[in-house]
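A.B. asks: One structure, as structure tokens, below. Some questions next.
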Amino acid sequence: MVAASDTDSGLHARYTYRLRLSSTARARLLAEWGRCRWIWNECVARSKKAHAEREACGPARLDRMLTQARAVTPWLAAGSSVPQQQLIRDFGASRAKALKDIKERLPVHRRAGMPRYKKKRESDPSLNYTRRGFRLKDERLHLAGGIVLTVVWSRELPAEPSSVRVFRDSVGDWYASFVVPTQVEPLPATGRVLGVDWGVREIATTTSDAHDLAHPQHGGKAKAKLTRYDRMMARRKPKKGQAASRGYREAKKWRAKTYQKIARQRRDTARKWAKRVVRDHDAVAVEDFRPKFLAKTRMARKAADAAIGATKKTLIEMGRKHGRDVRLVHPAHTTMDCGRCGARTKHALPLSERTYTCTACGAVSPRDKNSARVMLVRAGLNPAGVEGVRPPGAQLPEAA
11 MVAASDTDSG
21 LHARYTYRLR
31 LSSTARARLL
41 AEWGRCRWIW
51 NECVARSKKA
61 HAEREACGPA
71 RLDRMLTQAR
81 AVTPWLAAGS
91 SVPQQQLIRD
101 FGASRAKALK
111 DIKERLPVHR
121 RAGMPRYKKK
131 RESDPSLNYT
141 RRGFRLKDER
151 LHLAGGIVLT
161 VVWSRELPAE
171 PSSVRVFRDS
181 VGDWYASFVV
191 PTQVEPLPAT
201 GRVLGVDWGV
211 REIATTTSDA
221 HDLAHPQHGG
231 KAKAKLTRYD
241 RMMARRKPKK
251 GQAASRGYRE
261 AKKWRAKTYQ
271 KIARQRRDTA
281 RKWAKRVVRD
291 HDAVAVEDFR
301 PKFLAKTRMA
311 RKAADAAIGA
321 TKKTLIEMGR
331 KHGRDVRLVH
341 PAHTTMDCGR
351 CGARTKHALP
361 LSERTYTCTA
371 CGAVSPRDKN
381 SARVMLVRAG
391 LNPAGVEGVR
401 PPGAQLPEAA
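Numbers 11 to 410, taken from the numbering used here, label the letters of the sequence shown in order.
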């Protein structure tokens with residue numbers, strides 16, 4: 011379950027389930043996706059034409075074009091109008107985000123980019139249905155157009171879903187993702203606070219030794235298997251203009267399955283750690299660390315395997331789900347400040363120096379542990395001791 015957004019009506023979450031498809035259902039879904047993909051490509055072409063002619067091309071105009079096209083094209087009208095209209099909404103949102111980034115003059119590498127054509131063999135199917143386009147009956151998912159899907163119910167839905175997205179991943183498995191309104195599930199107060207500092211040697215170093223997250227190295231354990239599949243693909247790589255052989259496609263699928271397993275292991279590790287942190291602490295000060303720059307360093311492979319960004323996102327979502335106070339702290343100079351007296355060193359510490367020594371108060375501690383304490387101080391939580399335990403009944407101050 012992944013929290014999606016906060017709205018005025020409360021918290022929303024996504025519940026994703028595996029689908030078991032018959033050959034008939036799979037054929038109908040692919041046919042529906044073929045129509046939606048054609049509509050998306052038409053929207054891209056019309057928006058480019060409108061831009062060249064300096065005309066407006068919003069979702070309302072594209073909706074009218076879709077109505078006219080369905081009236082004169084039996085092949086298009088044979089499909090449901092719900093996923094087709096939702097595709098236009100998605101296209102409009104994608105194009106609006108790209109235009110907003112251009113208007114705000116963001117750097118090119120940070121822009122969303124204009125919507126592109128979806129190629130048949132390079133894009134995975136994804137169909138969105140609103141409440142009027144699906145229903146749940148006899149533990150099965152009935153989509154508009156007479157498509158019936160068998161859902162593997164690993165858990166019950168907490169409420170009536172408002173929408174569903176049916177998609178296929180890169181491995182070829184089909185899933186149904188339901189959006190469900192949920193309520194905050196508060197946990198009992200503990201009177202404890204925690205500071206979290208991100209790293210590569212250890213994914214998370216905290217003010218409590220019991221809550222440190224060691225690097226599990228899921229990618230390193232599967233390195234030999236991935237190397238084998240890479241060699242298989244390299245030997246079978248088709249020449250330019252030729253179709254891929256069966257062996258190449260199978261090796262590519264095995265490689266994708268291995269990466270999928272690694273991603274699931276990382277997600278499982280992050281969720282278990284985040285749940286333990288949120289359960290044991292009332293407030294958490296988290297370094298607002300953006301690990302993208304690590305991709306250009308010698309630690310790129312290990313940093314990518316650590317999945318720091320995904321772990322931080324999971325911790326924030328878990329805190330929102332259980333009503334905990336998660337405060338993001340700016341990471342600037344956190345390795346130079348003293349967690350006890352607040353003094354700052356004159357020069358940045360090299361990465362090889364793992365012990366922090368304060369020249370003002372004489373405090374000596376591991377470098378990452380000191381940074382974790384700095385998170386608490388900057389967030390306004392001011393720990394009472396090394397473990398960040400506040401006196402019972404004490405009120406948590408607001409962040410500065």
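Ideal Cβ placement from N, Cα and C applies to all residues, glycine included.
Predicted model only: the values in this text are computed from it and were never measured.
1. What does DSSP give as the partner residues of Y27 in its beta bridges?
2. Please determine, among R121, W48, Q95, the residue with the shortest C-alpha to C-alpha distance to K130.
3. Quick check: the Cα distance between G102 and E114, rounded to an integer number of angstroms?
4. Taking buried to mean at least 16 other C-beta atoms within 10 Å of its own C-beta, is T17 buried or exposed?
5. Checking the sheet assignment: what are the DSSP bridge partners for K282?
6. D73 bridges to which residues according to DSSP?
7. Going straight from the alpha carbon of E408 to that of G390, what length do you get?
8. Three Cβ pairs or more, each shorter than 8 Å: is that satisfied between the stretch 195-211 and the stretch 373-392?
9. Roughly how many angstroms lie between the CA atoms of L406 and G209, to the nearest whole one?
10. Short check: CB of L97 to CB of W50, under 8 Å?
11. Only counting runs of 4 or more residues, tell me where the alpha helix (DSSP H) segments fall wholly within the stretch 274-359, in order along the chain.
12. Can you name the residues that DSSP bridges to K466?
13. What number of angstroms, rounded off, separates the C-alpha of P135 from the C-alpha of H152?
14. L167 and F188 look like a contact to me (Cβ under 8 Å); what is the Cβ gap, rounded to whole Å?
15. Would R145 and S172 qualify as a contact pair, given that the criterion is a beta-carbon distance under 8 Å?
16. Please say whether V194 and L7 have beta carbons closer to each other than 8 Å?
17. Measure the alpha-carbon distance for S57 versus R105 and round it to whole angstroms.
18. Would T324 be called buried (16 or more neighbouring beta carbons within 10 Å of its own) or exposed?
19. Per the contact definition of three or more C-beta pairs closer than 8 Å, is the stretch 280-298 in contact with the stretch 329-345?
20. In chain order, what residues of the same chain lie with their CB nearer than 8 Å to the CB of E363, ignoring the 5 residues before and after it?
21. State the DSSP-derived secondary structure class of E397, mapped to helix, strand or coil.
22. Which value, in whole angstroms, describes the spacing of the CA atoms of A41 and R150?
23. Pop quiz: G349 and V384 are said to be a contact at Cβ under 8 Å. What is the actual Cβ separation, rounded to whole angstroms?
24. P198: buried (16+ other C-beta within 10 angstroms of its C-beta) or exposed?
25. Need the endpoints of the beta strand (DSSP E) that W208 sits in, please.
26. Between the Cα of G257 and those of P69, M346, A244, spot the shortest distance and give me the residue it belongs to.
27. Please report the straight-line C-alpha distance between G155 and D73, rounded to a whole angstrom.
28. Nearest-angstrom Cα distance between L116 and G372?
29. Taking C-alpha atoms, which residue in D111, R80, L137, I157 lies nearest to A35?
30. Excluding the five sequence neighbours on either side, which residues of its own chain have a C-beta within less than 7 Å of the C-beta of L236, listed in chain order?
31. If you drop the 5 nearest sequence neighbours on each side, which residues of the same chain put their C-beta closer than 8 Å to that of Q270?
32. Take R276 as the anchor and find which of P226, A370, D298 has the nearest alpha-carbon.
33. Measure the alpha-carbon distance for V10 versus A370 and round it to whole angstroms.
34. Could you give the DSSP three-state label for E260: helix, strand or coil?
35. From this set, A358, E327, M328, which residue's C-alpha is nearest A342's C-alpha?
36. On a Cα-Cα basis, can you pick out the residue from A261, K231, A353, L31 that is closest to D183?
C.D. replies: So, from the listed chains and residues:
1. Y27 pairs with A186.
2. Ranking the options by Cα distance to K130, first place goes to W48.
3. Roughly 18 Å separates the two Cα atoms.
4. Since pLDDT at T17 reaches only 44, below the 50 mark, its modelled position is unreliable, and no value is offered.
5. DSSP output for K282 lists no bridge partner at all.
6. Listed as beta-bridge partners of D73 by DSSP are no residues whatsoever.
7. Residue confidence is low: E408 scores 42 on pLDDT, short of 50, so the model does not pin down where it sits. Its coordinate-derived value is still stated next. E408 and G390 have their C-alpha atoms roughly 6 Å apart.
8. The stretch 195-211 vs the stretch 373-392: in contact.
9. Confidence at L406 is low in this model, with a pLDDT of 45, below 50, so the placement of that residue should be treated as unreliable; the coordinate-derived value is given next. Rounded to the nearest angstrom, the two C-alpha atoms are 27 Å apart.
10. Yes, the Cβ-Cβ distance between L97 and W50 is below 8 Å.
11. Those alpha helix (DSSP H) runs which fall completely within the stretch 274-359 and span 4+ residues are 310-316, 318-331.
12. The shown model of the chain, from 11 to 410, leaves out residue 466, and the question about it has no answer.
13. Approximately 18 Å, taken between the alpha carbons.
14. Rounded to whole angstroms, the Cβ separation of L167 and F188 is 6 Å, and the two are in contact under 8 Å.
15. No. Outside cutoff.
16. Outside the displayed span of the chain (11 to 410) sits residue 7, for which this structure offers no information.
17. So the alpha carbons of these two residues sit roughly 9 Å apart.
18. T324 should be labelled buried.
19. The stretch 329-345 and the stretch 280-298 touch, with no fewer than 3 CB-CB distances between them shorter than 8 Å.
20. Cβ neighbours of E363 beyond the five flanking positions: R377.
21. Per-residue confidence for E397 stands at a pLDDT of 40, beneath the threshold of 50, marking its modelled position as unreliable; the derived number appears in the next sentence. E397 falls in the coil class under three-state DSSP.
22. So the alpha carbons of these two residues sit roughly 20 Å apart.
23. Rounded to the nearest angstrom, the Cβ distance from G349 to V384 is 5 Å, consistent with a contact under 8 Å.
24. The residue in question, P198, is exposed, as its Cβ has fewer than 16 Cβ neighbours within 10 Å.
25. That run of the beta strand (DSSP E) goes 203-208.
26. Taking only the C-alpha atoms, the option nearest G257 is A244.
27. A direct Cα-Cα distance of roughly 20 Å separates G155 from D73.
28. CA-to-CA, the gap between L116 and G372 works out to about 44 Å.
29. Checked all of D111, R80, L137, I157; the closest Cα to A35 is I157.
30. Here the set comprises R265, T268.
31. Annotation for Q270: D179, S180, V181 place their beta carbon closer than 8 Å to its own, counting only its chain and skipping 5 residues before and after.
32. Nearest to R276 by C-alpha distance, out of P226, A370, D298, is P226.
33. Residue 10 is absent from the structure shown; the chain starts at 11 and stops at 410.
34. Taken through DSSP and simplified to helix, strand or coil, E260 comes out as helix.
35. Nearest C-alpha to A342: A358.
36. The option with the nearest alpha carbon to D183 is L31.
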